[in-house]
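Residue numbers (this note's numbering): 27 to 154. For every residue, glycine included, the Cβ atom is placed at its ideal position computed from N, Cα and C.
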Amino acid sequence: MSVLVAYSNTTEGRAALQHGIRLAELEDIPVVAFDFDTPTTRDDRGIDPPHREGDDAGTVRWIGRRKDDPDAADELLDTSEEIGATTIVVGIRRRSAVGKLLLGSNAQRILLGADVPVLAVKADTHDH
């Protein structure tokens with residue numbers, strides 16, 4: 027059991043990570059961050075995932091995308107099953123009145139394809 031965060035180095039990705047950490051603390055389960063920005067060639071990312079330096083080092087397990095898999099959303103959904111995620115957290119962008127029904131393609135595919143609950147979070151507007 028764990029919380030899986032769809033992370034990218036964006037305002038939305040950082041908001042997702044913050045919410046994922048809070049949710050994991052409430053449920054007393056680990057956090058796994060699926061890093062859309064940093065591909066890896068490790069065959070078994072679950073044993074030795076890449077780690078980041080910073081405030082959440084040691085509390086968040088980082089997994090990078092496989093370089094040979096062009097479909098990040100499907101890879102994240104597969105990872106969710108592999109690690110037994112109980113929730114997936116994704117960051118979404120605020121949209122204009124015209125674009126409110128549209129989501130980013132990865133976020134939309136994760137929301138529609140996940141077998142576990144998905145928490146979609148927006149970044150704080152004061153961060154912009």
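{"Check": "For the alpha helix (DSSP H) containing I47, name the first residue and the last one.", "Outcome": "37-53"}
{"Check": "Which of the three DSSP states is assigned to T105 in this structure?", "Outcome": "helix"}
{"Check": "Would you call the region 140-150 in contact with the region 51-58, where contact means no fewer than 3 C-beta pairs closer than 8 Å?", "Outcome": "no"}
{"Check": "Are G117 and A50 close, meaning C-beta to C-beta below 9 Å?", "Outcome": "no"}
{"Check": "Provide the residue span of the alpha helix (DSSP H) that contains A146, from first to last.", "Outcome": "It is not in any alpha helix (DSSP H) - A146 instead sits in the beta strand (DSSP E) that spans 144-148."}
{"Check": "Taking only the alpha-carbon atoms, compute the straight-line gap between S28 and E107 and give it to the nearest angstrom.", "Outcome": "11 Å"}
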